[in-house]
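Per my numbering, residue 210 is the first one in the sequence shown, and the count goes up by one each step.
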Amino acid sequence: MAIGLIIIGDEILSGKRVDKHFPKVLELLTARGLQLAWVEYVGDDPERITNTLRRTFASEDIVFCTGGIGATPDDHTRQCAAAARGVALALHPDAKVKIQERIADTAREAGITPVFDAPENLHRLKMGEFPVGSSIIPNPFNKIPGFFVPNVSGEGAHYFAPGFPVMAWPMFEWVLDTHYAHLFHQVARAEKSVLVFEMPESTLTPLMEAIEAEFALVKVFSLPHVGDDKTRRHIDLGVKGDPSQVEDAFRKMEEGLRQLKADYQQAG
210 MAIGLIIIGD EILSGKRVDK HFPKVLELLT ARGLQLAWVE YVGDDPERIT NTLRRTFASE
270 DIVFCTGGIG ATPDDHTRQC AAAARGVALA LHPDAKVKIQ ERIADTAREA GITPVFDAPE
330 NLHRLKMGEF PVGSSIIPNP FNKIPGFFVP NVSGEGAHYF APGFPVMAWP MFEWVLDTHY
390 AHLFHQVARA EKSVLVFEMP ESTLTPLMEA IEAEFALVKV FSLPHVGDDK TRRHIDLGVK
450 GDPSQVEDAF RKMEEGLRQL KADYQQAG
């Protein structure tokens with residue numbers, strides 16, 4: 210069961226806003242001993258959103274989605290999720306309660322009596338129209354909930370939150386802590402690396418292949434850096450994976466580097 214992230218919105222792809230969700234979701238998962246397997250960015254195109262969700266709904270993944278769940282003409286996510294899941298949209302009763310609580314709170318702050326059947330307030334209820342079979346995600350910022358839908362496979366689910374970080378991040382934390390606490394820190398991981406200076410990756414490749422062939426629970430990584438005014442050209446070369454094999458794999462890596470007479474140092 211992998212964990213994925215879908216970020217929806219033209220404003221990200223056009224550069225009007227810088228995506229902050231990816232690093233934050235990564236932070237939330239890392240703190241709980243979880244890993245992010247994939248990320249996709251999708252513009253506000255209903256057909257593309259629907260096709261993306263139809264594909265990911267067929268998986269067993271845990272998928273977080275941000276953006277496009279409002280009730281303005283450029284918000285398509287709720288409708289696309291319903292289409293991808295093959296169900297209708299319907300006003301969720303729990304969402305209706307929360308939205309009306311928000312309407313009442315706003316009226317109280319303005320010193321007026323809430324009129325729930327006013328046109329603008331009836332329109333706000335559209336934010337609570339979710340695919341049939343959804344459950345709500347509480348929103349501690351302004352009470353307007355998100356929603357989650359089980360995958361077609363019966364394993365995993367999709368969790369939809371607004372594009373606003375101040376809303377989405379605590380909502381995603383709630384999802385993790387409420388539904389997936391049993392997965393926290395279940396897979397032990399370790400990582401060790403060195404900086405190898407002025408050596409091409411092609412020279413290091415046989416060593417990397419030998420390590421992965423010998424240690425099945427370890428992956429080798431190689432991150433080249435072209436260098437700058439602070440450091441020479443180098444490769445961040447390391448091993449990561451099951452702690453039971455990482456130390457031995459790293460020792461083999463250092464032995465190989467010495468045989469290659471590589472100029473290297475421990476990574477900071």
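We put the beta carbon where it would ideally sit given N, CA and C, even for glycine.
For residue j and residue i, believed in contact at Cβ under 8 Å, the rounded distance
i	j	result
K233	P374	7 Å
M380	I346	5 Å
Q454	L416	That pair is no contact at about 16 Å.
G242	F393	5 Å
L251	I258	Residue identity differs from the one stated: residue 251 is Val in this sequence, not Leu. V251 to I258, Cβ: 6 Å. Contact.
D270	I212	7 Å
V361	V296	Incorrect: roughly 11 Å between the Cβ atoms, too far for contact.
From the options, residue whose alpha carbon lies closest to that of residue i
i	options	result
V429	V435, D437, T414	T414
L300	R287, P328, V272	R287
V405	E364, P349, L466, I345	L466
Q474	K401, L416, V384, L237	K401
G447	D457, K439, D438	D457
L331	F350, Q309, G342, N351	Q309
W383	G372, L416, V341, N348	N348
M408	I258, L385, L432	L432
L498	A293, R257, L214, I312	Given that the chain is displayed from residue 210 to residue 477, the structure contains no residue 498 and the question cannot be resolved.
I353	I321, L235, A313, K449	A313
D451	F424, R441, H443, A471	F424
Segment limits, beta strand (DSSP E) that includes residue i
i	result
V384	Segment 374-388 is the alpha helix (DSSP H) holding V384; no beta strand (DSSP E) there.
A366	366-370
Rounded separation between residue i and residue j - CA only
i	j	result
A280	F356	14 Å
D284	H434	40 Å
A366	F459	37 Å
A319	R333	17 Å
Q395	T275	26 Å
K461	E421	11 Å
T315	D437	53 Å
L469	K439	25 Å
L419	L222	Before going on, a small fix: residue 419 reads as Ala here, not Leu. Going from the Cα of A419 to the Cα of L222 covers about 40 Å.
R398	G372	31 Å
A267	G218	22 Å
F273	F325	32 Å
Simplified DSSP state of residue i, which is helix, strand or coil
i	result
L243	coil
F266	helix
I353	coil
V396	coil
V324	coil
P255	helix
E249	strand
E329	helix
First and last residue of the uninterrupted alpha helix (DSSP H) at residue i
i	result
E463	452-468
T275	Note, T275: premise wrong, no alpha helix (DSSP H); beta strand (DSSP E) at 271-275.
D303	302-319
A419	410-423
E220	219-222
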